[in-house]
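Student: First the structure, which I've put down as structure tokens, then a few questions once you've had a look.
Residue numbers (my numbering): 15 to 85.
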């Protein structure tokens, strides 16, 4: 009994992790609907050592926006 408990527990954890990782990912078709469309207006005013920035001011330039979180 005690020898099978770790096997059963690890099997359950493996099955749970596989189920959690099988999330729906956006299809390429859904992403292609956004291609060629304008980005929404974005203004950043919380810089420490710089003037406020609007996305419209960077029109015609390559812009990389990195969104991240620590949750």
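Each residue gets a CB set at the ideal place from its N, CA and C atoms; glycine is no exception.
1) In whole angstroms, what separates the C-alpha of residue 69 from that of residue 57?
2) From residue 59 to residue 85, what distance separates their C-alpha atoms?
3) Hey, how far is the Cα of residue 52 from the Cα of residue 75?
4) Rounded to whole angstroms, what is the Cα-Cα separation between residue 62 and residue 55?
Tutor: Let me spell this out:
1) Stepping through the chain shown from its first residue, residue 69 is reached at position 55. Stepping through the chain shown from its first residue, residue 57 is reached at position 43. Roughly 6 Å separates the two Cα atoms.
2) In the chain shown, the residue the question calls residue 59 occupies position 45. In the chain shown, the residue the question calls residue 85 occupies position 71. Residue 59 and residue 85 have their C-alpha atoms roughly 24 Å apart.
3) Here residue 52 refers to the residue found at position 38 of the chain shown. Here residue 75 refers to the residue found at position 61 of the chain shown. Each residue's alpha carbon lies about 13 Å from the other.
4) As a working note, residue 62 is residue 48 in the chain shown. As a working note, residue 55 is residue 41 in the chain shown. Answer to the nearest angstrom: the Cα atoms are 21 Å apart.
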